[in-house]
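Remarks on the structure that follows.
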Amino acid sequence: MIEKLSIKPVYDTNWCDMPKNVKLLCIDSLELKPRLSLRCTAKAERSLVDSQKFDFYEGHFMGGSDHQILELHPEDGRKYSKMFGNPTEAFKLMKFIWKIGVFKNLYISLKGPAAKKEFKGYDGLFKAEKVNFDGSDNEIVATVLRKMKQGVESITIEANEPKDFPFDQILEMSPVHNSRYWHVQNYEETDSLYKVAQIWIDKSSKIGSTFQVAIYNDGSFDKFLEHLDDRIVSKNEKRARIRTNKPDRHILLERGLDEVVGIDDFPQYFRLKVISAKMKESEYDDGCKEWISKIDSECYEESDSEDFFSFERIANSHGFYHHYDDDKYFRDYGVIIEHRRDDDLN
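Counting from 55, one number per residue, gives the positions in the sequence shown under this note's numbering.
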């Protein structure tokens, strides 16, 4: 009777004897550090590990020519960090993380020739729900957005070298004009408002689509009115409403003005939204503090010294895991990341 029983095969501890589908199930259950260790055992294992996606709540990629910082927050609550002094080593790891990573929040603050080269040569897609660029080289911003997988909900950009910011090039990218929200801080030209409105009209963008911009120049509001004069429904000092090609939706332009932000102040803050054509003027939001703070948190209060995304805070924070404190830290690529649960950081 025992001989007739159907018994599934047992593979003991010999990884090599496991079929591919079982290996993939095992890899899928591994945390990040064991995956990285397994990836270094053999070429076949590297291919298997690379094929399995890994969910991150946050991923931070920062640095310049002299040093780079990587900080990762998987969905399981762990935190991983590393500072590099060698760009070759840094981007070897970063490119692997880009390949497997599916990010809820992706933060990129990288600049320099090495970073430009690595982003340009990366042949995969970045997968993120929200992406933030803080002072990255303009070329890097454009390259990453060009290689973003469709479905990005939010894009925030602090322009580096504002005069050379490739606004037209970025605007034409589908992940950008299809996103629900995007903003540009530190812009210096006066063309952004009417260009975004025009592409929304051309693409029949959905109600709720929002663009915000902080501009260090005068004339954006007037240029918007000039270029879209034949579509104007209403206008005043701080708002303009225009028709689109769809009878059920309009585009509303708002300028941020209140007791703190004056009409002669710089930067000038603007919000552009696709709204329902049925929206009444009485339904407009008269307050602008909340949406201005989203693009410029320092407008209404001093910058928070504990700002989580500060490069300095990550490198030098008190009580935060730092590689200088651990002599077991990153001896080689086979033990990529030391990690711990950090109950002190929420």
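Where a beta carbon is used, it is the ideal one built from N, C-alpha and C, also for glycine.
Residue i burial status per 10 Å Cβ neighbour count (16 or more: buried)
{"i": "Thr-95", "result": "exposed"}
{"i": "Asn-75", "result": "exposed"}
{"i": "Ala-98", "result": "exposed"}
{"i": "Asn-214", "result": "buried"}
{"i": "Ser-263", "result": "buried"}
{"i": "Phe-108", "result": "buried"}
{"i": "Leu-79", "result": "exposed"}
{"i": "Ser-336", "result": "exposed"}
Limits of the unbroken alpha helix (DSSP H) element including residue i
{"i": "Ser-91", "result": "86-93"}
{"i": "Asn-232", "result": "Unbroken run through Asn-232: none, as it is neither H nor E."}
{"i": "Glu-337", "result": "Neither: Glu-337 is in no alpha helix (DSSP H) and is coded neither H nor E."}
{"i": "Asp-82", "result": "74-83"}
{"i": "Asp-104", "result": "97-105"}
{"i": "Ser-190", "result": "Unbroken run through Ser-190: none, as it is neither H nor E."}
{"i": "Gly-27", "result": "Past the boundaries of the shown model lies residue 27; the chain is included only from 55 to 400, so the question cannot be answered."}
{"i": "Glu-143", "result": "141-154"}
{"i": "Ile-317", "result": "Counting along the chain, Ile-317 falls outside any alpha helix (DSSP H), and DSSP gives it neither H nor E."}
Selection from the options that minimises the alpha carbon distance to residue i
{"i": "Gly-205", "options": "Asn-290, Leu-102, Phe-157 and Gly-175", "result": "Phe-157"}
{"i": "Val-230", "options": "Thr-210, Gln-239 and Pro-216", "result": "Thr-210"}
{"i": "Ser-83", "options": "Lys-146, Arg-100 and Asp-130", "result": "Asp-130"}
{"i": "Leu-225", "options": "Tyr-248, Lys-149 and Ala-169", "result": "Tyr-248"}
{"i": "Lys-277", "options": "Leu-147, Ala-251 and Gly-175", "result": "Ala-251"}
{"i": "Gln-122", "options": "Met-148, Met-333, Phe-110 and Phe-265", "result": "Met-148"}
{"i": "Lys-217", "options": "Leu-199, Lys-203 and Asn-240", "result": "Asn-240"}
{"i": "Asn-299", "options": "Arg-285, Phe-145, Glu-112 and Phe-173", "result": "Arg-285"}
Continuous beta strand (DSSP E) stretch holding residue i: start and end
{"i": "Ile-269", "result": "264-269"}
{"i": "Ala-294", "result": "293-297"}
{"i": "Val-287", "result": "286-289"}
{"i": "Gln-122", "result": "122-128"}
Cα-Cα separation, residue i to residue j
{"i": "Glu-243", "j": "Ser-274", "result": "8 Å"}
{"i": "Ile-349", "j": "Tyr-323", "result": "9 Å"}
{"i": "Asn-271", "j": "Ile-317", "result": "12 Å"}
{"i": "Ile-194", "j": "Ile-255", "result": "28 Å"}
{"i": "Ile-269", "j": "Gly-139", "result": "36 Å"}
{"i": "Gly-118", "j": "Trp-152", "result": "18 Å"}
{"i": "Asp-222", "j": "Ala-182", "result": "22 Å"}
{"i": "Thr-197", "j": "Leu-90", "result": "27 Å"}
{"i": "Ile-346", "j": "Glu-85", "result": "39 Å"}
{"i": "Val-314", "j": "Cys-353", "result": "8 Å"}
{"i": "Asp-120", "j": "Met-137", "result": "11 Å"}
{"i": "Gly-166", "j": "Asp-191", "result": "7 Å"}
{"i": "Phe-384", "j": "Arg-234", "result": "Reliability fails at Phe-384, whose pLDDT of 39 lies under 50, so the model's placement of it is uncertain and the value that follows must be treated cautiously. One C-alpha to the other measures close to 39 Å."}
{"i": "Tyr-111", "j": "Gly-155", "result": "10 Å"}
{"i": "Glu-344", "j": "Asp-188", "result": "20 Å"}
{"i": "Asp-339", "j": "Lys-133", "result": "39 Å"}
{"i": "Phe-362", "j": "Phe-115", "result": "The predicted position of Phe-362 is uncertain, since its pLDDT is 42 and thus under 50; a value taken from the coordinates is nonetheless stated next. Spanning the two alpha carbons is a distance of roughly 13 Å."}
Residue i at chain B interface by Cβ criterion, 8 Å
{"i": "Ile-261", "result": "Of the protein chains in this structure there is only one, and it is not chain B."}
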